[in-house]
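Everything in the sequence shown is counted per this note's numbering, starting at 56 for the first residue and increasing by one.
Backbone N, C-alpha and C fix where the C-beta goes; we use that ideal spot for every residue, glycine too.
All of these numbers come straight from a predicted model, not from anything done at the bench.
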Amino acid sequence: AISMKTGARALRSIMENIMLDVMYDLPALEEPVRVTISAAVVKGKGKAKISPLPETKRDAA
């Protein structure tokens, strides 16, 4: 958003576009997960990493 000289609303739109696939995949999962967005994902060269939470983190969630 900074390089595009845009504001918070544009940043939200950028993040929604980055997370679009993840937002559709997550509701189908039954277990709590961690989603990792890397620089490659932001640049359109990779996919978000979805990994299960460890048991200790699940109890706190």
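* Counting along the chain, where does the beta strand (DSSP E) carrying ILE73 start and finish? -> Unbroken run through ILE73 is the alpha helix (DSSP H), 63-80; no beta strand (DSSP E).
* Alpha carbon to alpha carbon, how far is PRO82 from LYS100? Give it in angstroms, no decimals. => 24 Å
* ILE105: which of TYR79, VAL88, LYS60 and LEU75 sits nearest, CA to CA? -> VAL88
* Between the Cα of ALA103 and the Cα atoms of LEU66, THR61 and GLU71, which residue gives the shortest distance? -> GLU71
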